[in-house]
Every structure is written in C-alpha cells, then in structure tokens.
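S.K.: Note that the numbering used here has the sequence shown beginning at 21, numbered continuously upward.
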Amino acid sequence: EEQLDKRGISPARHLAMVREPPNLELPAFALDVECSGGTYIRSLIADMARHEAAGSCAHMTRLERTQQGPFGLHDCLHLSQWTFDSICAHTSQCTAACRA
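Spelled out as structure tokens, the structure:
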C-alpha cells in the first residue's frame with residue numbers, strides 16, 4: 021500500500037518535483053514540474069484533484085514538455101525551418117550530441 025506524505029497526498033508513480041510554487045489564480049493554475057522518465061503528469065494532476073483537501077474534478081488543459089534528456093526547447097527546429105536539408109543537418113547534430 022502506498023504511503024501518503026504529510027499532507028495526505030499519494031506519491032507520484034515516479035519522481036516528480038514542483039520547481040516553483042504554483043500560481044494559484046483559481047480556477048486555473050500552472051505547475052512547473054521536473055520529473056523522471058515515465059512520470060505521468062496527467063495522473064499527477066488527477067491525484068491532486070482527487071485529494072480530499074482539493075475536492076475537485078480538475079483536469080489538464082495544456083502540457084508543454086520543455087526538456088527531454090539532454091535536449092531543451094532551444095534545441096528544437098522551428099516549423100518554418102523544416103526542409104529536408106535542415107532536418108538532416110539537425111538530426112546529425114542531435115545524434116552527435118547523444119554520442120558525446
């Protein structure tokens with residue numbers, strides 16, 4: 021059986037850490053979460069909503085992944101840059117970064 025933390029919230033299925041206190045401008049709010057691979061953010065939101073203190077039926081309306089492994093948003097190729105040559109060049113750079 022899962023242990024509850026001191027607030028009575030069950031732990032995420034994998035490590036997840038809220039990086040900043042949420043901006044609680046209810047009924048909507050945002051979270052900045054740093055988590056390990058395999059963490060289900062939608063499940064985290066659902067767990068928070070089901071908690072008796074929240075008494076909510078919260079759901080997630082937006083999810084933005086800002087980091088995956090060594091790559092962040094700054095490594096992304098903008099849609100306007102999608103040409104065969106630029107995609108091939110970018111893929112080569114990413115492959116080299118993964119091997120380093």
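C-beta atoms are modelled at their ideal positions from N, C-alpha and C, and glycine is treated no differently.
In three-state DSSP terms, what is E22?
M.R.: Because the pLDDT at E22 is just 47, under 50, the model does not fix this residue reliably, and the value given afterwards should be weighed accordingly. DSSP places E22 in coil when its eight states are reduced to three.
S.K.: Classify L46 as buried or exposed, calling it buried when 16 or more other Cβ atoms lie within 10 Å of its own Cβ.
M.R.: Classification of L46: exposed, given that the 10 Å Cβ count is below 16.
S.K.: Quick one: which unbroken alpha helix (DSSP H) runs of 4-plus residues sit fully inside the region 37-106? Chain order, please.
M.R.: If we require 4 residues or more, the alpha helix (DSSP H) runs fully inside the region 37-106 come out as 61-70.
S.K.: Compute the beta-carbon to beta-carbon distance between L97 and H110, rounded to the nearest angstrom, for a pair I have assumed lies under 8 angstroms.
M.R.: About 5 angstroms separates the two Cβ atoms, so the contact holds.
S.K.: Going by the beta-carbon positions, is the gap between F91 and C114 smaller than 8 angstroms?
M.R.: The answer is yes: Cβ separation under 8 angstroms.
S.K.: Could you pull out every residue in the same chain whose Cβ sits closer than 8 angstroms to the Cβ of L83, ignoring the five residues on either side in sequence?
M.R.: I61, R62, listed in sequence order.
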